[in-house]
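Structure first, then comments.
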Amino acid sequence: MEQLKQGEGQTSEFKMTFQKEVIETIVSFANAKGGRVYIGVNDRGDIIGVKLNKESLQNWVNQIKQATSPSVIPDVDTAIVEGKTIVVMEVKEYPIKPVSVKHRYLVRKANANHIMSMDEIANEYLKTKNSSWDYYSDSQHNFRDISLKKIENAVRKIEKNLDKSFDDTPIQILHKYGLVRDDQITFGAYLLFAQDFCPLSGIQAGRFKTPTDIIDSISLNSDLFTEVEELTAFVKKHLMVEYIITGEPQRAHRYDYPLDAIREIVLNMIVHRDYRDSSDSVIKIFDDRMEFYNPGGLYDDLTVEQLITNNYQSKTRNKLIAMMFKECGLIEKYGSGISRIKKLCADQGLKEPIFEEKHKGFKVTLYKKTTQETTQEPTQETTQETVRKLSTQDQMLALIEQNSKITRVELAAQIGVSENAIKQQIAKLKKAGRLHRIGSTKGGYWEVQK
Numbered sequence: 001m002e003q004l005k006q007g008e009g010q011t012s013e014f015k016m017t018f019q020k021e022v023i024e025t026i027v028s029f030a031n032a033k034g035g036r037v038y039i040g041v042n043d044r045g046d047i048i049g050v051k052l053n054k055e056s057l058q059n060w061v062n063q064i065k066q067a068t069s070p071s072v073i074p075d076v077d078t079a080i081v082e083g084k085t086i087v088v089m090e091v092k093e094y095p096i097k098p099v100s101v102k103h104r105y106l107v108r109k110a111n112a113n114h115i116m117s118m119d120e121i122a123n124e125y126l127k128t129k130n131s132s133w134d135y136y137s138d139s140q141h142n143f144r145d146i147s148l149k150k151i152e153n154a155v156r157k158i159e160k161n162l163d164k165s166f167d168d169t170p171i172q173i174l175h176k177y178g179l180v181r182d183d184q185i186t187f188g189a190y191l192l193f194a195q196d197f198c199p200l201s202g203i204q205a206g207r208f209k210t211p212t213d214i215i216d217s218i219s220l221n222s223d224l225f226t227e228v229e230e231l232t233a234f235v236k237k238h239l240m241v242e243y244i245i246t247g248e249p250q251r252a253h254r255y256d257y258p259l260d261a262i263r264e265i266v267l268n269m270i271v272h273r274d275y276r277d278s279s280d281s282v283i284k285i286f287d288d289r290m291e292f293y294n295p296g297g298l299y300d301d302l303t304v305e306q307l308i309t310n311n312y313q314s315k316t317r318n319k320l321i322a323m324m325f326k327e328c329g330l331i332e333k334y335g336s337g338i339s340r341i342k343k344l345c346a347d348q349g350l351k352e353p354i355f356e357e358k359h360k361g362f363k364v365t366l367y368k369k370t371t372q373e374t375t376q377e378p379t380q381e382t383t384q385e386t387v388r389k390l391s392t393q394d395q396m397l398a399l400i401e402q403n404s405k406i407t408r409v410e411l412a413a414q415i416g417v418s419e420n421a422i423k424q425q426i427a428k429l430k431k432a433g434r435l436h437r438i439g440s441t442k443g444g445y446w447e448v449q450k
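Here's what the structure looks like:
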């Protein structure tokens, strides 16, 4: 038999006799992709053979059926190989998971049986019910713990994205989307619309000069929509910007990392995170790279190789959260994020991002161009000038020198900060004697002091 020559693996196991390990392997296969147990074969694949009587096979099947829950009944056949009888027991992937043997849950990984963790058991149970953790009622929180204003904000986003309108109250809309079950909010509802501090959604982000020297940081425990915006803003604050002066009123500018790629990573972190894990998500910004780490590995046995080659069927750990983000227009298409991130980085001439499973979590690393890589790039047209890696104040002064009547709103838009931040920097520049206002607020202009 060809399978015997290939040896033991993900879907095959050799046993010399029928024993409890056979039942454990049957259960492991049932909780994975199915497989066959060959009885009468040793570990090396040598044919030993088994002696059978007319009741042997039925007795073995009964033992398997009685020891497993839900009951598993394998297909059983015999074969004559090298003049000896062997038994082949085959089990398909079981539709109702997880299957247990004497209250123990096992799953096949590579060529061995592994005891399933509590998370793996819970995941298999949820997948069987075509559900996910965020659909379940949150017994620790109630309607007082979520914000009606935040629900209304999400409704406005949905109405704009889908070009529709709701006549329902915010709570009625929660019911329609499955965010309330049995008059109790779900984990998804709490995470999406938490009123104040949310202990489940902790995220730490920092700007580092060295692995131990942190110069700025932010700690978030809020609703998921707010976290997307605040994380993106924090990262953007620490990016260098390149301005290309073309003579046009609005100058082209580019950050040293593609903003759309960063936002895509942040969205993926928040939507696909395992919120049952008590660890925080972490973002670290270094001089030469950015690291994004999420607790909880890839979902549903997805491998990194499948992820980066786009060779997988898109599934999500948090179906309710993912659905709401899609309804609000924050996610365009399930399963397209990694390809989009890779393309955005490639289009900007950056190294390919690294995607890896690490420390029981998932990590993405983006790399900045080195100085050498930057200087070797073709320059813009000779009539263009480039202003690179300036502080906010220097960027403001450069823009004002190009257009002395530029407004605070225009400065904020071109630099990528808030109008309030521009107002604060103007006050500092005036105090330092580097900037002077001539004329009225509406009809006047700026003068840069050399």
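In terms of the UniProt record's numbering, the sequence shown is residues 1 to 450.
Glycine included, every Cβ here is placed at the ideal spot set by N, Cα and C.
Per DSSP, the unbroken alpha helix (DSSP H) holding S56 starts and ends at 56-67. Within the same chain, and ignoring the five residues on either side of D216 in sequence, the residues whose Cβ sits closer than 6 Å to its Cβ are R207. In the three-state reduction of the DSSP assignment, A205 falls in the strand class, which pools E and B.
When DSSP reads this structure, P295 sits in a beta bridge with G361. Linking D183 to L174 through their CA atoms gives a straight-line distance of about 10 Å. Unbroken alpha helix (DSSP H) stretches of 4 residues or longer found wholly inside the UniProt domain "Helix-turn-helix type 11" (393-445): 408-415, 419-431, given in chain order. For N113, the uninterrupted beta strand (DSSP E) segment begins and ends at 112-115.
Leaving aside the five residues that flank Q140 on each side, none in its chain has a CB nearer than 6 Å to its CB.
Comparing alpha carbon positions, the residue from N111, I86, S117, S219 closest to Q6 is N111. Taken through DSSP and simplified to helix, strand or coil, I262 comes out as helix. For L224, the CB contacts under 7 Å within the same chain, skipping 5 residues up- and downstream, are L191, L192, S201, I270, I321 in chain order.
When the five nearest sequence neighbours on each side are left out, the beta carbons in the same chain lying within less than 7 Å of the beta carbon of A67 are those of I23, V101, K102, in order along the chain.
Boundaries of the alpha helix (DSSP H) around L192: 187-193. Contact between the segment 11-30 and the segment 47-67 is present: 3 or more CB-CB pairs across the two stretches fall below 8 Å. Excluding the 5 residues flanking it on each side, S418 has same chain C-beta neighbours closer than 8 Å at A412, in chain order. Using a Cβ distance threshold of 8 Å, V282 and Y293 count as a contacting pair. Rounded to the nearest angstrom, the gap between the Cα atoms of E2 and D274 is 41 Å. Linking M116 to D163 through their CA atoms gives a straight-line distance of about 45 Å. Proximity of the segment 147-164 to the segment 124-135 falls short of the contact definition, fewer than three beta-carbon pairs being nearer than 8 Å.
Collapsing the DSSP output to three states places D75 in a strand. A straight-line Cα-Cα distance of about 15 Å links S279 and S222.
Sorting I285, A194, T210 by C-alpha distance to the C-alpha of K236 places I285 at the top. Taken through DSSP and simplified to helix, strand or coil, Y105 comes out as strand.
Nearest C-alpha to L366 among K405, I265, A432: I265.
For a cut-off of 8 Å, the C-beta gap from K97 to N31 is around 6 Å, short enough to register as a contact. Straight-line measurement puts the Cα of G45 at about 6 Å from the Cα of L4. The beta carbon of D277 sits closer than 6 Å to the beta carbons of P295, G296 from its chain, once the five residues preceding and following it are set aside; these are given in chain order. A residue is called buried when at least 16 other Cβ atoms come within 10 angstroms of its Cβ; Q425 meets this threshold and is buried.
Around the beta-carbon of E8, 16 or more other beta-carbon atoms lie within 10 Å, marking it buried. Excluding five sequence positions before and after W60, the CB atoms of its chain that fall closer than 6 Å to its own CB belong to F18, given in chain order. One alpha carbon belongs to S69, the other to Y125, and they sit about 13 Å apart. Straight through space, the alpha carbons of D287 and T210 are spaced by roughly 8 Å.
Taking 8 Å as the cut-off, the Cβ atoms of V99 and V72 count as close.
In the structure shown, Y367 adopts extended strand secondary structure according to DSSP, grouped into three states.
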